[in-house]
């Protein structure tokens with residue numbers, strides 16, 4: 025029962041609670057030594073860890089699925105909406121990206137997408153594509169992310185996969201904004217947030233709000249960006265999403281830096297807190313971003 029409560033809490037954006045329930049389910053699966061339950065628990069617990077910012081935990085559980093799901097087992101669903109073999113690989117790619125392990129993540133993510141395509145299961149293809157595209161977003165390679173996300177969103181819409189649309193649409197909008205198509209991208213992110221809130225499916229919702237804050241910063245709408253960043257931070261803290269919390273803190277530093285260019289110390293504390301948290305979570309790319317900002321400020 026706890027495995028499905030883990031998934032339920034995760035879908036509803038209660039990431040920290042989902043992780044705790046997932047850990048309970050994993051202990052039960054271990055005591056029963058039941059293979060199918062272990063696969064299902066690893067998948068949902070991996071997602072909960074990813075949302076909660078426990079990237080090493082997500083890596084551990086999803087890697088176990090990768091090792092176990094080979095051969096004919098690639099074609100088994102184990103009670104999951106998609107096929108865990110491919111989806112575990114691409115969510116693993118996301119977790120690896122947050123830790124800066126890009127080469128391993130790219131290989132794993134591409135393999136997962138190909139598995140989903142070979143099985144010819146649209147839900148799995150869209151989910152796997154989103155995970156791989158997020159790796160490219162974290163890596164800063166938005167061109168690759170755009171191509172993947174545009175196809176994934178088209179598939180999700182064609183097959184009426186409303187549960188997957190907000191995440192894919194929000195990520196696509198963010199990638200568009202980063203690539204310079206700010207107005208178009210920001211509108212898409214905001215639409216994705218509204219879709220998620222209307223459906224009540226709030227997994228990764230706080231991340232989308234952070235994307236909106238960054239889009240507003242790109243658009244030089246600084247007061248709106250500040251308000252949205254504060255909301256993202258509050259949501260992340262309320263839901264126990266520590267990775268998003270670190271990202272929102274860094275964003276707040278970026279906004280203050282842009283708003284008060286003559287007062288470099290005003291944003292230092294935000295970057296320092298974000299850097300500390302990113303370090304605790306093993307978020308090497310975000311930590312590098314914070315360090316660069318602090319180095320630039322120290323020269324002012």
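Residue numbers (our numbering): 25 to 324.
For each residue, glycine too, the CB sits at the ideal point set by N, CA and C.
As the structure is a computational prediction, the values presented were derived from the model and not from experiment.
CB residue 259 to CB residue 229, shorter than 9 Å? yes
Since residue 66 and residue 94 should fall inside the 8 Å C-beta cutoff, what is the C-beta to C-beta distance between them, to a whole number of angstroms? 14 Å between Cβ atoms; not a contact.
Do residue 70 and residue 116 have their CB atoms nearer than 9 Å? yes
Return the first residue and the last residue of the alpha helix (DSSP H) that residue 98 is part of. Here residue 98 belongs to no alpha helix (DSSP H), and DSSP marks it neither H nor E.
Let me check you understand the geometry: is the CB of residue 231 closer than 8 Å to at least one non-hydrogen atom of the ligand COA? The model depicted lacks the ligand COA and carries no ligand whatsoever.
Rounded to the nearest angstrom, how far is the Cβ of residue 102 from that of residue 55, given a contact under 8 Å? With a Cβ gap of about 19 Å, residue 102 and residue 55 do not count as contacting.
Considering only their Cβ atoms, is the gap separating residue 124 from residue 308 smaller than 9 Å? yes
Just the C-alpha distance for residue 313 and residue 176, rounded to the nearest angstrom, thanks. 29 Å
Between residue 207 and residue 165, what straight-line distance do the alpha-carbon atoms span, to the nearest angstrom? 20 Å
Do you know whose CA, among 305, 322 and 111, lies nearest residue 293's CA? 322
When you compare only the Cα positions, how much space is there between residue 150 and residue 319? 39 Å
Quick one: grab the DSSP three-state call for residue 242. helix
Considering just the uninterrupted stretch of the alpha helix (DSSP H) at residue 344, what are its terminal residues? As displayed, the chain neither begins before 25 nor continues past 324, which places residue 344 out of reach and without an answer.
Can you say whether residue 41 is buried or exposed, counting buried as having 16 or more other CB atoms within 10 angstroms of its CB? buried
What is the residue span of the alpha helix (DSSP H) that residue 36 lies within? No alpha helix (DSSP H) contains residue 36, which DSSP labels as neither H nor E.
Under a three-way DSSP split, which group does residue 184 fall into? coil
What would DSSP say about residue 284, mapped onto helix, strand or coil? coil
So what's residue 106 in DSSP terms, helix, strand or just coil? coil
Give the straight-line distance between the Cα atoms of residue 111 and residue 72, rounded to the nearest whole angstrom. 14 Å
When the distance is taken between beta carbons, is residue 188 closer than 9 Å to residue 209? no
Would you kindly check if the distance between the Cβ of residue 172 and the Cβ of residue 194 is under 9 Å? no
Leaving out the 5 sequence neighbours to the left and right, which residues in its chain are closer than 6 Å to residue 62 when beta-carbon positions are compared? 53
Can you say whether residue 28 is buried or exposed, counting buried as having 16 or more other CB atoms within 10 angstroms of its CB? exposed
In chain order, what residues of the same chain have a beta carbon less than 7 Å from the beta carbon of residue 118, not counting five sequence neighbours either side? 74, 155, 158 and 159
Taking Cβ positions, are residue 251 and residue 272 nearer each other than 9 Å? no
In whole angstroms, what separates the C-alpha of residue 140 from that of residue 107? 7 Å
Using the three-state DSSP reduction, which class does residue 50 fall into: helix, strand or coil? helix
Could you work out which residue in 25, 38 and 32 is closest to residue 265 when comparing CA atoms only? 38
Where residue 316 and residue 302 are concerned, what is the direct C-alpha to C-alpha distance, given to the nearest angstrom? 14 Å
Return helix, strand or coil for residue 148, following the three-state DSSP convention. helix
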